[in-house]
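Colleague: According to full-length UniProt numbering, the stretch in the sequence shown is residues 1 to 121, in order.
No residue lacks a Cβ here, since even glycine has one placed at the ideal position from N, Cα and C.
Before I ask anything, here is the structure I am working with.
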Amino acid sequence: MALWNVLYDDWQMECCGTPFSVGDEVAWQLGGGPPLYSVERHGDEGPDTVGRVRSIQVVTREFTLRAGTQTFEQVAGAEWLRPVEKCPKWFADPVEGCREQGRFRREVGVLVSLDVREDGG
Numbered sequence: 001m002a003l004w005n006v007l008y009d010d011w012q013m014e015c016c017g018t019p020f021s022v023g024d025e026v027a028w029q030l031g032g033g034p035p036l037y038s039v040e041r042h043g044d045e046g047p048d049t050v051g052r053v054r055s056i057q058v059v060t061r062e063f064t065l066r067a068g069t070q071t072f073e074q075v076a077g078a079e080w081l082r083p084v085e086k087c088p089k090w091f092a093d094p095v096e097g098c099r100e101q102g103r104f105r106r107e108v109g110v111l112v113s114l115d116v117r118e119d120g121g
């Protein structure tokens, strides 16, 4: 078995995902590559990677208003992980109590540790 880290974006789960829990077996189409994979639900059809969920952490990032624009950008290094037993279907945007003038935090998905067979599926 190999341990893979997979980022499951909030919009992927909210659009068409099914919440899962620690210990569940999952089959996902994955993109990217080591050290971080991502769930690809709207990309090319490809083989599923099957694995058992070892841990789930909700990813929260901080954003700030870019100077002179109405566009928000991620604040470098401002990221938090919160362990959970089950992936939420819906994510906080913004996170309650974490909004200031021109700054806010939002949950952007989950980081999943996945035990995968050495052959990838």
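What's the C-alpha gap between M13 and P88?
Modeller: 8 Å
Colleague: Please report the distance separating the alpha-carbon of P94 from that of F104.
Modeller: 6 Å
Colleague: Have a look at W80, P34 and K86 and flag the residue whose alpha-carbon is nearest the alpha-carbon of residue 131.
Modeller: A question about residue 131 goes unanswered here, because the residues of the chain that appear run from 1 up to 121.
Colleague: Quick one: is W28 buried, meaning 16 or more other Cβ sit within 10 Å of its Cβ, or exposed?
Modeller: Label assigned to W28: buried.
Colleague: Using the rule of at least 16 other Cβ atoms within 10 Å of the residue's Cβ for burial, across every protein chain shown, is W4 buried or exposed?
Modeller: buried
Colleague: Return the CA-CA distance between V116 and V108, expressed in angstroms with no decimal places.
Modeller: In this structure, the alpha-carbon of V116 lies about 24 Å from that of V108.
Colleague: Look at the alpha carbon of D48 and the alpha carbon of F72, and state the distance between them as a whole number of angstroms.
Modeller: 34 Å
Colleague: Consult DSSP for Q12 and reduce its assignment to one of helix, strand or coil.
Modeller: helix
Colleague: Per DSSP, what are the beta-bridge partners of K86 in this structure?
Modeller: Its beta-bridge partners are S21.
Colleague: Please confirm whether Q74 and R66 have their CB atoms less than 8 Å apart.
Modeller: At a Cβ-Cβ threshold of 8 Å, Q74 and R66 do not count as neighbours.
Colleague: Buried or exposed: which applies to R82, given that a residue is buried once 16 or more other Cβ atoms fall within 10 Å of its Cβ?
Modeller: exposed
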